[in-house]
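Remarks on the structure that follows.
Residue numbers (this note's numbering): 12 to 245.
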């Protein structure tokens with residue numbers, strides 16, 4: 012993980028769809044193996060993780076520095092009635108960031124769908140993010156554009172110049188990636204932008220990912236959080 016990211020410490024914000032939260036916690040575990048201290052949080056909201064996925068949880072009001080070496084620490088404002096952690100604003104994240112080597116932030120939601128386009132107020136990315144990871148689930152590939160596959164359907168069609176019922180292929184996905192109103196919208200100019208194609212766990216899905224890879228010039232990674240796959244292609 013560290014050699015792929017080429018970072019000794021920093022802030023990584025995960026945006027997009029298709030398994031962002033799972034990928035974020037997978038990344039956190041990999042960084043923990045390298046004996047790094049890892050903060051996991053969100054600027055929106057995420058479901059409270061399974062207890063095996065983290066070491067400490069703090070409400071931001073009661074955060075207290077301790078030895079976070081080789082630990083994953085989750086911090087939020089509070090947990091709502093749905094069991095979701097309500098996230099922090101940029102100032103709150105920055106105020107505790109000095110206690111950690113890596114800060115992993117989820118910057119938007121996608122209702123468990125594999126692909127999305129952001130609305131005007133999305134995503135919410137801390138301005139000090141060193142890396143923005145734009146995530147797309149490859150399980151959307153060759154599916155039709157519909158409410159079952161795409162979050163923010165109307166916006167997605169606008170950004171990709173497509174319509175409901177069209178096939179989601181490499182051309183549609185590359186339009187989303189490359190558009191200034193698409194995958195990396197609101198990303199800080201100084202941040203590295205990495206396309207993260209997730210759920211790449213079969214030979215066929217690798218072939219699909221390669222088609223997307225050929226149509227974009229961004230840094231490019233493929234992953235499967237469930238199978239422990241994380242590869243840098245560019």
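Virtual Cβ for every residue (Gly too), placed ideally from N, Cα, C.
Inset, instruction - Measure from the alpha carbon of residue 234 to the alpha carbon of each residue in 147, 134 and 200, then state which is nearest. - result: Residue numbering aside, residue 234 sits at position 223 when the chain shown is read from its first letter. Of 147, 134 and 200, the residue nearest in Cα terms is 147.
Inset, instruction - Starting from the C-beta of residue 4, find all residues in its chain whose C-beta is less than 6 Å away, skip the five residues before and the five after it, and write them out in chain order. - result: In this structure the chain extends from 12 to 245, so residue 4 is not present and cannot be described.
Legend entry - Among 186, 152 and 213, the one whose alpha carbon lies nearest that of residue 168: Against the chain shown, residue 168 aligns to sequence position 157. If you compare the alpha carbons of 186, 152 and 213 with that of residue 168, the shortest gap goes to 186.
Legend entry - Local Cβ density within 10 Å of residue 89, reported as buried at 16 or more and exposed below that: The count along the chain shown starts at 1 and reaches residue 89 at position 78. Residue 89 counts as exposed, since fewer than 16 other beta carbons sit within 10 angstroms of its beta carbon.
Inset, instruction - Using alpha carbons as the reference points, say which of 34, 22, 13 and 20 lies closest to residue 208. - result: For the purposes of this step, residue 208 is taken as the residue at position 197 of the chain shown. The residue with the shortest Cα to Cα distance from residue 208 is 34.
Legend entry - Three or more C-beta pairs below 8 Å linking the segment 172-182 and the segment 53-68: They do not touch, by the three-pair rule.
Legend entry - Three-way DSSP call (helix, strand, coil) for residue 72 in this model: One-based indexing of the chain shown puts residue 72 at position 61. Note: residue 72 maps to helix in three-state DSSP.
Legend entry - Bridge partners - residue 22, DSSP secondary structure assignment: The residue labelled residue 22 in the question sits at position 11 within the chain shown. Per the DSSP secondary-structure output, residue 22 pairs in a beta bridge with 114.
Legend entry - Boundaries (first-last residue) of the alpha helix (DSSP H) holding residue 13: The count along the chain shown starts at 1 and reaches residue 13 at position 2. Unbroken alpha helix (DSSP H) run through residue 13: 13-16.
Legend entry - Given residue 227 as reference, the closest of 189, 71 and 216 once Cα atoms are compared: Within the chain shown, the letter at position 216 stands for residue 227. Per the Cα distances, 189.
Legend entry - From 224, 200 and 205, residue whose alpha carbon lies closest to that of residue 137: Here the question's residue 137 lines up with position 126 in the chain shown. Comparing Cα positions, the closest option is 200.
Inset, instruction - For residue 78, count neighbouring Cβ atoms within 10 angstroms of its own Cβ and tell me buried if that reaches 16, exposed if not. - result: Within the chain shown, numbered from 1, the residue matching residue 78 stands at position 67. So residue 78 counts as exposed.
Inset, instruction - Look up residue 163 in the DSSP assignment and say whether it is helix, strand or coil. - result: Numbered from its first residue, the chain shown carries residue 163 at position 152. Coil at residue 163, not helix or strand.
Inset, instruction - May I have the straight-line CA-CA distance separating residue 116 from residue 71, to the nearest angstrom? - result: One-based indexing of the chain shown puts residue 116 at position 105. One-based indexing of the chain shown puts residue 71 at position 60. The alpha-carbon atoms of residue 116 and residue 71 are separated by roughly 15 Å.
Inset, instruction - Report the three-state DSSP secondary structure of residue 209 (helix, strand or coil). - result: Walking along the chain shown from the start, residue 209 turns up at place 198. Secondary structure of residue 209 (DSSP, three-state): strand.
Legend entry - Distance CB(residue 68)-CB(residue 49) smaller than 7 Å: On the chain shown, position 57 is the one that residue 68 refers to. On the chain shown, position 38 is the one that residue 49 refers to. Residue 49 is positioned such that its CB atom lies no closer than 7 Å to that of residue 68.
Inset, instruction - State the DSSP-derived secondary structure class of residue 84, mapped to helix, strand or coil. - result: Position 73 of the chain shown, counted from the start, is the residue given in the question as residue 84. Correct three-state label for residue 84: strand.
Inset, instruction - Label residue 32 either buried or exposed according to how many other C-beta atoms from any shown protein chain fall within 10 Å of its C-beta, with 16 as the threshold for buried. - result: Walking along the chain shown from the start, residue 32 turns up at place 21. The residue is buried, with at least 16 neighbouring Cβ atoms inside 10 Å.
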